[in-house]
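Trainee: Here you go, one structure.
Residue numbers (our numbering): 233 to 645.
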């Protein structure tokens, strides 16, 4: 348990069981019909393995870096029903990190609260402190508390502070890729509350509010001078729980397309040294040397290195707007020796045709005005992708102009 007065107090829910909570996508997922199904999903081994990697390998080591030179207590709430293996991980983390305080919840009810920690009975003078929330799959930068320190003032008690600039990335199989710049005022990551308590019982807290409407309830200081958070996105994320793995992976890629790529990897390393070792540097290669008019015949695009995990981005120029179902992409796969195989397809792909030139395939969703879109693919163990075959399936055989097709390999081949 914590000792003495702390001035930064954080809070994390580590896979807390709260069935039916409307604010939690997983617990209110219409695909999860009852408490036991929700519990099985929440505590599933694959989901908890990823959460454990993110929290114990990334979030906590980074928090320890940020805590250097600052007084900190960080509460981690978890359910009594959490599998023992992960309880043991939390107990080991509590022994390793002196700022960590565990709170085992019965029926989702917390017993350790930030405001109670602040009310230290031995307090002889008013205490100003800052609270923050940290999801178990997000990461705070090394300078997070240093930037907040300037706002730890009694005259600012009742204010919130939004450190709005940071990074976003996708994580899968214990690697991190697609690193982007992100700025989101008022989001949960990077949002802190300036509070005050006095020996006479006087308390000053920001008014209760959701993070996205807190500026409508009270004053908020917006600070975008440094990149102090990392949002890690993944297919088992709360907001992705109602989608299949393949669809979710494509959603994540395309949601980040509007974000700028990082300008300096060294700046990221300086702020997130514990995370940088897991970041995979992407290799991009254009598969077309010039625009191609796709008519009745298909074209083959060979994939350099015959990758096993990659993204494809299609850039289509079509004044009449390519409809879904007109552009078809199929795959020529091979084993380790390069011999073609036809009995397997990319993981999660079920569309199959007996036609010699098609086999496993998909239709890139390029309907409407959207002419640029990325798709993510992973091959089964021992299988590599030799080629991507592009077909024009328009009923009228209307020409489709392919401006670019970009291959992004996320792994060292």
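No residue lacks a Cβ here, since even glycine has one placed at the ideal position from N, Cα and C. Being a predicted model, the structure only gives us computed values, none of them experimental.
Which residues in the same chain as residue 564 place their Cβ atom closer than 7 Å to its Cβ, once the five residues preceding and following it in sequence are excluded?
Mentor: As a first step, residue 564 is located in the chain shown; it is residue number 332 there, counting from the start. The answer, listed in chain order, is 572, 618, 619 and 621.
Trainee: Less than 8 Å between the C-beta atoms of residue 402 and residue 490, yes or no?
Mentor: If you number the chain shown from 1, residue 402 lands on position 170. If you number the chain shown from 1, residue 490 lands on position 258. No; because the gap between Cβ atoms is not below 8 Å, this pair is not in contact.
Trainee: Any idea which residues DSSP pairs residue 403 with across the strands?
Mentor: Along the chain shown, read from residue 1 onward, the residue named residue 403 stands at position 171. Looking at the DSSP assignment, residue 403 forms a beta bridge with 408.
Trainee: Work out the CA separation of residue 480 and residue 220 for me, nearest whole Å.
Mentor: Coverage of the chain is limited to positions 233 through 645, which leaves residue 220 absent and any answer about it impossible.
Trainee: Can you give, in chain order, each stretch of the beta strand (DSSP E) that sits fully within the region 574-627 and has at least 3 residues?
Mentor: For the region 574-627, whole beta strand (DSSP E) runs of length 3 or above, ordered along the chain, are 591-594, 604-610 and 616-624.
Trainee: For my contact list, residue 239 and residue 384 are in at a C-beta cut-off of 8 Å; report their separation, rounded to the angstrom.
Mentor: In the chain shown, residue 239 corresponds to position 7, counting from 1. In the chain shown, residue 384 corresponds to position 152, counting from 1. Sure, about 6 Å apart at Cβ, within 8 Å.
Trainee: Figure out for me which residue from 534, 363, 612 and 464 has the closest Cα to the Cα of residue 290.
Mentor: Position 58 of the chain shown, counted from the start, is the residue given in the question as residue 290. Cα-wise, what sits closest to residue 290 is 464.
Trainee: Less than 8 Å separating the beta-carbons of residue 408 and residue 241?
Mentor: In the chain shown, residue 408 corresponds to position 176, counting from 1. In the chain shown, residue 241 corresponds to position 9, counting from 1. Their beta carbons are not under 8 Å apart, which means residue 408 does not touch residue 241 by this criterion.
Trainee: The beta strand (DSSP E) spanning residue 425 covers which residue range?
Mentor: The sequence position of residue 425 within the chain shown is 193, counting from 1. Unbroken beta strand (DSSP E) run through residue 425: 423-429.
Trainee: Please name the residue in 546, 584 and 568 whose C-alpha comes closest to that of residue 540.
Mentor: Residue 540 sits at position 308 when you count from the first residue of the chain shown. The shortest Cα separation from residue 540 among 546, 584 and 568 belongs to 568.
Trainee: Could you compute how far the alpha carbon of residue 414 sits from the alpha carbon of residue 494?
Mentor: Translated into the one-based positions of the chain shown, residue 414 becomes position 182. Translated into the one-based positions of the chain shown, residue 494 becomes position 262. Rounded to the nearest angstrom, the two C-alpha atoms are 9 Å apart.
Trainee: Apart from the five residues just before and just after residue 288, which ones in its own chain have a Cβ nearer than 8 Å to its Cβ?
Mentor: Within the chain shown, residue 288 is the residue found at index 56, counting from 1. The answer, listed in chain order, is 321 and 325.
Trainee: Per DSSP, what kind of secondary structure is residue 572 in: helix, strand or coil?
Mentor: For the purposes of this step, residue 572 is taken as residue 340 along the chain shown, with counting starting at 1. If DSSP states are grouped into helix, strand and coil, residue 572 belongs with the strands.
Trainee: Going by beta carbon distance, what residues of the same chain come within less than 6 Å of residue 441, once the five residues before and after it are set aside?
Mentor: For the purposes of this step, residue 441 is taken as residue 209 along the chain shown, with counting starting at 1. Excluding positions up to five away in sequence, the list reads 449.
Trainee: To which residues of the same chain is residue 590 closer than 8 Å at the C-beta, ignoring the five residues directly before and after it?
Mentor: Here residue 590 corresponds to residue number 358 of the chain shown, with the count starting at 1. Same-chain partners within the cutoff: 560, 562, 621 and 623.
Trainee: How big is the Cα-Cα spacing for residue 630 and residue 535?
Mentor: Taking the chain shown and counting its residues from 1, one reaches residue 630 at position 398. Taking the chain shown and counting its residues from 1, one reaches residue 535 at position 303. Taking the straight line joining both Cα atoms gives about 27 Å.
Trainee: Answer yes or no: do residue 356 and residue 431 have a C-beta to C-beta separation smaller than 8 Å?
Mentor: Here residue 356 refers to the residue found at position 124 of the chain shown. Here residue 431 refers to the residue found at position 199 of the chain shown. Yes, the Cβ-Cβ distance between residue 356 and residue 431 is below 8 Å.
Trainee: Could you compute how far the alpha carbon of residue 276 sits from the alpha carbon of residue 284?
Mentor: Translated into positions along the chain shown, residue 276 becomes position 44. Translated into positions along the chain shown, residue 284 becomes position 52. For residue 276 and residue 284, the distance between alpha carbons rounds to 12 Å.
Trainee: Short check: CB of residue 612 to CB of residue 641, under 8 Å?
Mentor: Working through the chain shown from its first residue, we reach residue 612 at position 380. Working through the chain shown from its first residue, we reach residue 641 at position 409. Going by C-beta atoms, residue 612 is not nearer than 8 Å to residue 641.
Trainee: What does the alpha-carbon distance come out to for the pair residue 545 and residue 593?
Mentor: Against the chain shown, residue 545 aligns to sequence position 313. Against the chain shown, residue 593 aligns to sequence position 361. Taking the straight line joining both Cα atoms gives about 16 Å.
Trainee: Do residue 525 and residue 453 come within 8 Å of each other at the CB atom, strictly closer than that value?
Mentor: Start at 1 with the first residue of the chain shown, and residue 453 comes out as number 221. Start at 1 with the first residue of the chain shown, and residue 525 comes out as number 293. No, these two residues do not count as a Cβ contact at 8 Å.
Trainee: At the level of alpha carbons, what is the spacing between residue 366 and residue 312?
Mentor: Position 134 of the chain shown, counted from the first residue, corresponds to residue 366. Position 80 of the chain shown, counted from the first residue, corresponds to residue 312. Looking at the two C-alpha atoms, the distance is approximately 20 Å.
Trainee: How would you call residue 459, buried or exposed, if buried means at least 16 neighbouring beta carbons within 10 angstroms?
Mentor: Position 227 of the chain shown, counted from the start, is the residue given in the question as residue 459. Answer is buried; the Cβ neighbour count reaches 16.
Trainee: Along the chain, where does the alpha helix (DSSP H) containing residue 515 start, and where does it finish?
Mentor: By 1-based counting over the chain shown, the position of residue 515 is 283. Where residue 515 is concerned, there is no enclosing alpha helix (DSSP H), although the beta strand (DSSP E) it sits in stretches over 515-518.
Trainee: First and last residue of the alpha helix (DSSP H) that includes residue 348?
Mentor: Residue numbering aside, residue 348 sits at position 116 when the chain shown is read from its first letter. That run of the alpha helix (DSSP H) goes 346-350.
Trainee: Kindly examine the ligand GTP and report whether one of its heavy atoms sits closer than 7 Å to the Cβ of residue 467.
Mentor: No copy of the ligand GTP appears in this structure; indeed no ligand is present at all.
Trainee: Note down, in chain order, each residue of its chain lying with its Cβ closer than 7 Å to the Cβ of residue 497, except the 5 sequence neighbours on either side.
Mentor: Position 265 of the chain shown, counting from 1, holds the residue named residue 497. Nothing meets the Cβ criterion.
Trainee: Does the separation of the CB atoms of residue 635 and residue 542 fall below 8 Å?
Mentor: In the chain shown, the residue the question calls residue 635 occupies position 403. In the chain shown, the residue the question calls residue 542 occupies position 310. Not closer than 8 Å, so no.
Trainee: With a cut-off of 8 Å, do at least 3 Cβ pairs link the region 241-250 to the region 289-307?
Mentor: With a cut-off of 8 Å, the region 289-307 and the region 241-250 count as touching, because enough Cβ pairs lie within range.
Trainee: If we count the other Cβ atoms within 10 Å of its Cβ and call it buried at 16 or more, is residue 266 buried or exposed?
Mentor: Taking the chain shown and counting its residues from 1, one reaches residue 266 at position 34. The residue in question, residue 266, is exposed, as its Cβ has fewer than 16 Cβ neighbours within 10 Å.
Trainee: When you compare each of 420, 293, 272 and 434 to residue 329 by their alpha carbons, which one comes out closest?
Mentor: As a working note, residue 329 is residue 97 in the chain shown. Per the Cα distances, 293.
Trainee: Between the alpha carbons of residue 295 and residue 506, how many angstroms are there, rounded?
Mentor: The count along the chain shown starts at 1 and reaches residue 295 at position 63. The count along the chain shown starts at 1 and reaches residue 506 at position 274. The straight-line gap from Cα to Cα measures roughly 10 Å.
Trainee: Using only the alpha-carbon positions, how far apart do residue 538 and residue 376 sit?
Mentor: Position 306 of the chain shown holds residue 538. Position 144 of the chain shown holds residue 376. Roughly 41 Å between the two C-alpha positions.
Trainee: Buried or exposed: residue 583, going by 16 or more other Cβ atoms within 10 Å of its Cβ?
Mentor: Stepping through the chain shown from its first residue, residue 583 is reached at position 351. It is exposed - the Cβ of residue 583 has fewer than 16 other Cβ atoms within 10 Å.
Trainee: Measure how close the beta-carbons of residue 504 and residue 373 come, nearest whole angstrom, since I'm counting them as under 8 Å.
Mentor: In the chain shown, counting from the first residue as 1, residue 504 sits at position 272. In the chain shown, counting from the first residue as 1, residue 373 sits at position 141. Rounded, the Cβ-Cβ distance is 6 Å, consistent with contact.
Trainee: Expressed to the nearest angstrom, what Euclidean distance is found between the alpha-carbon atoms of residue 434 and residue 500?
Mentor: Against the chain shown, residue 434 aligns to sequence position 202. Against the chain shown, residue 500 aligns to sequence position 268. Residue 434 and residue 500: Cα-Cα distance of roughly 41 Å.
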